[in-house]
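Visitor: Got a structure for you, questions after.
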Amino acid sequence: MSSIVKLFVVSPDTRSERRFDLHVTIEQLKSSSQASPVQNQKISLHNGDGDSQVVAQLDDDAKPLGYYSVRDFQTIKVADTNPSTSFTGQLSDVSQVEKFELSDDAYAQRTDSVLAYKQRHKVGRFAPPSTEPTPEPAVNIPIGSRCEVESTEPGLNKRGTVRFVGQTEFATGLWVGVEYDEPMGKNDGSLKGVQYFTCLPNYGVFIRPAKVTVGDFPVEEIRF
Numbered sequence: 397m398s399s400i401v402k403l404f405v406v407s408p409d410t411r412s413e414r415r416f417d418l419h420v421t422i423e424q425l426k427s428s429s430q431a432s433p434v435q436n437q438k439i440s441l442h443n444g445d446g447d448s449q450v451v452a453q454l455d456d457d458a459k460p461l462g463y464y465s466v467r468d469f470q471t472i473k474v475a476d477t478n479p480s481t482s483f484t485g486q487l488s489d490v491s492q493v494e495k496f497e498l499s500d501d502a503y504a505q506r507t508d509s510v511l512a513y514k515q516r517h518k519v520g521r522f523a524p525p526s527t528e529p530t531p532e533p534a535v536n537i538p539i540g541s542r543c544e545v546e547s548t549e550p551g552l553n554k555r556g557t558v559r560f561v562g563q564t565e566f567a568t569g570l571w572v573g574v575e576y577d578e579p580m581g582k583n584d585g586s587l588k589g590v591q592y593f594t595c596l597p598n599y600g601v602f603i604r605p606a607k608v609t610v611g612d613f614p615v616e617e618i619r620f
């Protein structure tokens with residue numbers, strides 16, 4: 397039978413897995429734990445880290461560890477009976493640490509901060525606004541070509557002829573003016589007082605290029 401046992405050692409500030417010789421005395425065990433002064437240590441044996449039930453109190457400093465029938469992977473809990481004379485608990489108690497606080501105004505005055513770096517190098521919200529217009533994507537929609545316009549109504553094909561491609565005064569971006577084959581439009585090629593192309597009333601419409609498909613789309617006969 398091996399004389400070495402694997403145990404978890406838990407103190408207010410530490411938790412570790414260690415190997416001990418079963419012949420080591422409790423006093424030697426206390427000296428090796430370094431959790432607190434030997435005279436302040438109270439050691440108990442548990443079946444697990446979260447087990448509050450004490451299997452044995454290792455209170456006889458002269459007894460060997462094996463005297464207490466210690467098994468692999470049990471837990472030794474080390475309590476400090478006089479923490480005022482040691483650093484027990486202070487290493488993990490952050491409430492006693494003085495916090496460094498800086499007001500917004502004081503932070504803004506610093507020259508070595510991230511904020512100061514962004515201001516110097518014009519990064520993020522400090523970057524100057526772009527004055528260059530966003531280039532319009534190139535489209536291949538020749539004026540006079542036949543086209544079909546995307547419809548949200550199932551089975552309805554809106555066909556017509558491209559009459560205008562370009563910028564307008566009513567909205568930014570590129571627009572396509574289409575003269576429908578049937579009166580399914582919204583205007584006569586004009587919008588807000590500007591005439592972009594000419595067609596009969598309710599035959600004209602302005603739509604975005606993405607909704608226009610150019611191709612061989614002959615005039616369809618409407619059957620009633």
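Sequential numbering from 397 applies to the sequence shown in our numbering. Glycine included, C-beta positions come from ideal geometry on N, C-alpha and C.
Can you name, in chain order, every residue of its own chain whose Cβ lies under 6 Å from the Cβ of V474, other than the five neighbours on each side?
Guide: Looking up residue 474 in the sequence shown gives position 78. Once the five neighbours on either side are set aside, the close Cβ partners of V474 are S407, S429, A431, Q437, I439.
Visitor: In this structure, how does DSSP classify E546 when only helix, strand and coil are distinguished?
Guide: Taking the sequence shown and counting its residues from 1, the one referred to as residue 546 is at position 150. Correct three-state label for E546: coil.
Visitor: What number of angstroms, rounded off, separates the C-alpha of P597 from the C-alpha of P533?
Guide: In the sequence shown, the residue the question calls residue 597 occupies position 201. In the sequence shown, the residue the question calls residue 533 occupies position 137. If you take the alpha carbons of P597 and P533, they lie about 30 Å apart.
Visitor: Buried or exposed: where does R559 fall if 16 or more other Cβ atoms within 10 Å of its Cβ makes it buried?
Guide: Mapped onto the sequence shown, residue 559 falls at position 163. So R559 counts as buried.
Visitor: Report the residue from G551, S586, T471, A458 whose alpha carbon sits nearest the alpha carbon of S448.
Guide: For the purposes of this step, residue 448 is taken as residue 52 along the sequence shown, with counting starting at 1. If we check each option's Cα against that of S448, T471 comes out closest.
Visitor: Check the DSSP bridge columns for Q515 and list the partner residues they point to.
Guide: The sequence position of residue 515 within the sequence shown is 119, counting from 1. Note: Q515 sits in no beta bridge, so no partner.
Visitor: Assign R467 to one of three DSSP states: helix, strand, or coil.
Guide: As a working mapping, residue 467 is identified with position 71 in the sequence shown. R467: coil per DSSP, three-state reduction.
Visitor: Strictly by DSSP, which residues pair up with G581?
Guide: Translated into positions along the sequence shown, residue 581 becomes position 185. Partner(s): none; G581 has no beta bridge.
Visitor: Can you tell me where the beta strand (DSSP E) with K438 in it begins and where it stops?
Guide: To locate residue 438, count along the sequence shown from 1; it is residue 42. Here the beta strand (DSSP E) through K438 covers 437-442.
Visitor: Determine the extent of the beta strand (DSSP E) in which I537 is found, giving its start and end residues.
Guide: For the purposes of this step, residue 537 is taken as residue 141 along the sequence shown, with counting starting at 1. Neither: I537 is in no beta strand (DSSP E) and is coded neither H nor E.
Visitor: Are the beta-carbon atoms of V572 and P605 separated by less than 8 Å?
Guide: Here residue 572 corresponds to residue number 176 of the sequence shown, with the count starting at 1. Here residue 605 corresponds to residue number 209 of the sequence shown, with the count starting at 1. Yes.
Visitor: Taking D500 as part of the alpha helix (DSSP H), name the residues at either end of that continuous run.
Guide: Mapped onto the sequence shown, residue 500 falls at position 104. In the DSSP assignment, D500 falls within the alpha helix (DSSP H) that extends over 500-505.
Visitor: Quick one: what does DSSP say G356 is sitting in, helix, strand or coil?
Guide: Since the first and last residues shown for the chain are 397 and 620, residue 356 lies out of range.
Visitor: Can you check DSSP and say which residues form a bridge with G589?
Guide: What you label residue 589 is simply residue 193 of the sequence shown in a count that begins at 1. Beta-bridge pairing links G589 to no other residue.
Visitor: Give the straight-line distance between the Cα atoms of P579 and G520, rounded to the nearest whole angstrom.
Guide: Stepping through the sequence shown from its first residue, residue 579 is reached at position 183. Stepping through the sequence shown from its first residue, residue 520 is reached at position 124. Taking the straight line joining both Cα atoms gives about 51 Å.
Visitor: Once the 5 residues before and after N443 are set aside, which same chain residues still bring their CB inside 8 Å of it?
Guide: In the sequence shown, the residue the question calls residue 443 occupies position 47. Cβ within range, chain order: Q449, V451, Q470, T471.
Visitor: Per DSSP, A452 is paired with what?
Guide: Translated into the one-based positions of the sequence shown, residue 452 becomes position 56. Bridge partners of A452: L441.
Visitor: In terms of alpha-carbon separation, which member of G556, E497, A512 lies closest to Y599?
Guide: Locating residue 599 in the sequence shown gives position 203, where the first residue counts as 1. Of the candidates G556, E497, A512, the one whose C-alpha sits nearest the C-alpha of Y599 is G556.
Visitor: Whole angstroms is fine: what's the gap from L498's alpha carbon to N478's?
Guide: Working through the sequence shown from its first residue, we reach residue 498 at position 102. Working through the sequence shown from its first residue, we reach residue 478 at position 82. Their backbone Cα atoms lie some 37 Å apart in a straight line.
Visitor: If you draw a straight line from the C-alpha of V434 to the C-alpha of K495, how long is it?
Guide: By 1-based counting over the sequence shown, the position of residue 434 is 38. By 1-based counting over the sequence shown, the position of residue 495 is 99. Going by the C-alpha atoms only, they are around 33 Å apart.
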